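Numbering (the UniProt record's numbering), first residue to last: 1 to 627.
All C-beta atoms, glycine included, are put in the ideal place defined by N, C-alpha and C.
As the structure is a prediction and not an experimental result, all values here were calculated from the model.
Following: one structure in structure tokens, then a few remarks.
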């Protein structure tokens, strides 16, 4: 295990900007002193994820995850601490001359782990496929096919496109010579085992497109037929521990930065569309893996943008796929959606190759349809609007869609278009619109998924037993009131985290009163604080996070750091909080004795019941007198 000097870690932590790092993964918006966005660690529709540039921490009020810039990368990319420090240093352009050894890697990223070996096998095979395409006689026909389609050798190199020969043992022999575990290559989908037990190549006589996950790791392939009709046009890797089509978008890891820059994603159908889009300077293009857009895809998209442009093929299947994808994005997840239908029903690849990048950019900018405009167009399909019955049915559906719009100007625009086309008065359309809205409107439910306002102060959360929840964190509903004991625990820990002198003062007071923290997670953090300060450290929640042994404790620190408390605090206030803890402890003891009294009474143990009753009376008297 490599050890990075503490002073170097401090330098990297102090110079890195957590907003920049988190913003590479999550679309953030300024809100007060902090930045907010959709949490990348759990699915949500209302932003509950907050990043504090002042404190250099993140915290989600929905799932409870939190930490500093290092722990963010550890959680989202599955990195070890050393790997995360190295990545932050690289992102901040801070020299850190270390090599990441196997011992410093997380299991998933270690070359000797199953997933690490699978990724390595894919990387080796990708290099072989690319070599076979570009440098061998076997690949000449496939290469010429791609060049004839307008692709350049630079594009082929950039996307690492390759060729799988017709021979059934090309990759098998290649991997065997390198002493690769062939059954593992079968498990990760590159090879297949026949009924007779022989292992052979899965992909044969196909142009090969390497597929990366959202971290940029090569996890699968898609092979395209190009000179025959025997088999499916595209053959994808099967589902494996590292490959699942539901959560992979082709080119997403490379497109992420451009998506954030343009503030919109371009959704395309095929790999060739994406490649042509990049050649036309549309690096924000991605494609699903021959499947419909999924909930997992939408969550990936929402982390980097809230606007999508759908540009699928112009045939019937492409139009229906556009409607399905747009419905998921716009109506279920509230993204701003546009649909771009290219002239003459061409797909993006054909259009760019034939009309040029400049023409595509012009169409992209000026001919996209709003989601409502596309829906109205979609609803007209296969209708005979000369028929009165079908015309009335279409107008009814159109008015329902217009009634969903929030902006009065938009509603007016589409109503005028309908009125002009069908020679209807605006009064009649508005009257019908009001009736449509009245029959379709649903009462809005209040949403407490997002973070509370910055001046809210406390954000206590409980489980069914009154304890704090950290693993399954739910934002407290307004009608829930924190117990005085829990509030006191949180405030005391908050002050102890941020001031070494406060820690010493509060600890002395707690020892005098023989008081500990009631909740296990709070007591654990308190214990770590004792060791942290005993090692000579000054108050530094960010450095403390790096030394905490588990995610629960780091989440608790981030939660406490997000709290807003009075900075001008006195010893009398500390004493009040400690008394509150003591009172809460006595009240818990009384409830326990009352439960014992109930059981004793039910079982006829009257002597024990009498003794318990006297004890409860004494405890209540002490509670009144001393607290």
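Okay, do the segment 283-301 and the segment 328-336 touch, 3+ Cβ pairs below 8 Å being the bar? yes
Around the C-beta of residue 177, are 16 or more other C-beta atoms found within 10 angstroms, so that it is buried, or is it exposed? By one-based count along the chain shown, residue 177 stands at place 177. By the neighbour-count rule (16 or more Cβ atoms within 10 Å), residue 177 is not buried but exposed.
Between the CA atoms of residue 257 and residue 527 - distance to the nearest angstrom: Residue numbering aside, residue 527 sits at position 527 when the chain shown is read from its first letter. Residue numbering aside, residue 257 sits at position 257 when the chain shown is read from its first letter. Cα to Cα, the separation comes out at about 42 Å.
Mapping DSSP to helix, strand and coil, what is residue 688? The first residue shown for the chain is 1 and the last is 627, placing residue 688 beyond what the model contains.
Tell me the rounded alpha-carbon separation between residue 448 and residue 47. The residue you call residue 448 lines up with position 448 of the chain shown. The residue you call residue 47 lines up with position 47 of the chain shown. The pLDDT assigned to residue 448 is 37, lower than 50, so where the model puts this residue is not dependable, and the model offers no usable value.
Quick one: residues in its chain with C-beta nearer than 6 Å to the C-beta of residue 247, no 5 flanking neighbours on either side, listed in chain order? Walking along the chain shown from the start, residue 247 turns up at place 247. Closer than 6 Å at Cβ, skipping near neighbours: 296.
Please identify the residue among 266, 260, 612 whose C-alpha is closest to the C-alpha of residue 250. Taking the chain shown and counting its residues from 1, the one referred to as residue 250 is at position 250. Answer by Cα proximity: 266.
Output needed for residue 206: all residues of its chain with C-beta closer than 7 Å, excluding positions within five of it in sequence on either side, in chain order. Reading the chain shown from its first residue, position 206 is the one you call residue 206. Taken in chain order, the residues that qualify are 164, 223, 224, 225, 235.
For residue 489, is the classification buried or exposed, using 16 other Cβ atoms within 10 angstroms of its Cβ as the cut-off for buried? Residue mapping note: residue 489 aligns to position 489 of the chain shown, counting from 1. Buried, because 16 or more other Cβ atoms sit within 10 Å of the Cβ of residue 489.
Inside the segment 142-218 only - beta strand (DSSP E) runs reaching at least 3 residues: 162-164, 191-193, 199-201, 206-212
Could you tell me whether the segment 57-69 touches the segment 554-563, where touching means 3 or more Cβ pairs closer than 8 Å? yes
With DSSP collapsed to three states, give me the class of residue 30. For this step, residue 30 is matched to residue 30 along the chain shown. Three-state DSSP puts residue 30 in a strand.
Let me know the secondary structure DSSP gives residue 312 once reduced to three states. Locating residue 312 in the chain shown gives position 312, counting from the first residue. Of the three classes helix, strand and coil, the one that applies to residue 312 here is coil, per DSSP.
Leaving out the 5 sequence neighbours to the left and right, which residues in its chain are closer than 6 Å to residue 212 when beta-carbon positions are compared? Locating residue 212 in the chain shown gives position 212, counting from the first residue. For residue 212, where only same-chain residues beyond five positions count, the Cβ hits under 6 Å are 218, 253.
Identify the continuous alpha helix (DSSP H) that holds residue 266 and give its terminal residues. In the chain shown, counting from the first residue as 1, residue 266 sits at position 266. Note, residue 266: premise wrong, no alpha helix (DSSP H); beta strand (DSSP E) at 265-268.
Tell me which residues share the same chain as residue 200 and place their Cβ nearer than 7 Å to its Cβ, disregarding the 5 neighbours each side in the sequence. Here residue 200 corresponds to residue number 200 of the chain shown, with the count starting at 1. Excluding positions up to five away in sequence, the list reads 168, 169, 172, 191, 192, 194.
Can we say the segment 519-533 touches the segment 36-56, given the rule of at least three CB pairs closer than 8 Å? no
Compute the Euclidean distance between the alpha carbons of residue 4 and residue 354, then round it to the nearest angstrom. Here residue 4 corresponds to residue number 4 of the chain shown, with the count starting at 1. Here residue 354 corresponds to residue number 354 of the chain shown, with the count starting at 1. For residue 4 and residue 354, the distance between alpha carbons rounds to 55 Å.
Threshold first: 4 residues or longer. Then list the alpha helix (DSSP H) segments lying entirely within the segment 216-279, N to C. 252-262, 271-279
Touching by the beta-carbon criterion (3+ pairs, under 8 Å), the segment 515-522 and the segment 488-507: yes
Between the Cα of residue 624 and the Cα atoms of 175, 603, 579, which residue gives the shortest distance? Position 624 of the chain shown holds residue 624. The shortest C-alpha separation from residue 624 is found at 579.
Tell me, to the nearest whole angstrom, how far the beta carbon of residue 310 is from that of residue 325; I am working on the premise that it is less than 8 Å. Mapped onto the chain shown, residue 310 falls at position 310. Mapped onto the chain shown, residue 325 falls at position 325. The Cβ separation is near 6 Å, so the contact holds.
Strand pairing of residue 286, partner residues [DSSP]: Against the chain shown, residue 286 aligns to sequence position 286. Answer is 267, bridged to residue 286.
With a threshold of 6 Å on Cβ separation, who are the neighbours of residue 26 within its own chain once the five nearest residues in sequence on each side are excluded? Counted from its first residue, the chain shown places residue 26 at position 26. If we look at residue 26 and ignore the five residues flanking it on each side, its Cβ neighbours are 37, 40, 303.
Relative to the C-alpha of residue 156, which candidate in 564, 10, 278, 397 has its C-alpha closest? What you label residue 156 is simply residue 156 of the chain shown in a count that begins at 1. Answer by Cα proximity: 278.
If you check the beta carbons only, do residue 114 and residue 210 fall under 9 Å apart? The residue you call residue 114 lines up with position 114 of the chain shown. The residue you call residue 210 lines up with position 210 of the chain shown. Contact: no.
Cut-off 8 Å between Cβ atoms - residues of its own chain near residue 565, not counting five sequence neighbours on either side: Against the chain shown, residue 565 aligns to sequence position 565. Contacts found: 457, 491, 494, 495.
Report the rounded CA-to-CA distance for residue 290 versus residue 550, giving the unit in angstroms. As a first step, residue 290 is located in the chain shown; it is residue number 290 there, counting from the start. As a first step, residue 550 is located in the chain shown; it is residue number 550 there, counting from the start. Looking at the two C-alpha atoms, the distance is approximately 40 Å.
Hey, could you find the ends of the beta strand (DSSP E) residue 49 is sitting in? Residue 49 sits at position 49 when you count from the first residue of the chain shown. Unbroken beta strand (DSSP E) run through residue 49: 49-52.
Between the C-alpha atoms of residue 82 and residue 139, what's the straight-line distance to the nearest angstrom? Translated into the one-based positions of the chain shown, residue 82 becomes position 82. Translated into the one-based positions of the chain shown, residue 139 becomes position 139. Those two C-alpha atoms are separated by around 42 Å.
Residue 54 to residue 158, Cα distance in whole Å? Looking up residue 54 in the chain shown gives position 54. Looking up residue 158 in the chain shown gives position 158. Approximately 40 Å, taken between the alpha carbons.
The beta strand (DSSP E) with residue 57 in it runs from where to where? Here residue 57 refers to the residue found at position 57 when the chain shown is read from its first residue. Taken as a continuous stretch (DSSP letters only), the beta strand (DSSP E) holding residue 57 covers 57-60.
What residues match up with residue 36 in a beta bridge as DSSP calls it? Walking along the chain shown from the start, residue 36 turns up at place 36. Beta-bridge pairing links residue 36 to 29, 50.
Are the beta-carbon atoms of residue 351 and residue 395 separated by less than 9 Å? Here the question's residue 351 lines up with position 351 in the chain shown. Here the question's residue 395 lines up with position 395 in the chain shown. No. Outside cutoff.
Do residue 376 and residue 414 come within 9 Å of each other at the CB atom, strictly closer than that value? Within the chain shown, the letter at position 414 stands for residue 414. Within the chain shown, the letter at position 376 stands for residue 376. Contact: yes.
Quick check: the Cα distance between residue 630 and residue 429, rounded to an integer number of angstroms? As displayed, the chain neither begins before 1 nor continues past 627, which places residue 630 out of reach and without an answer.
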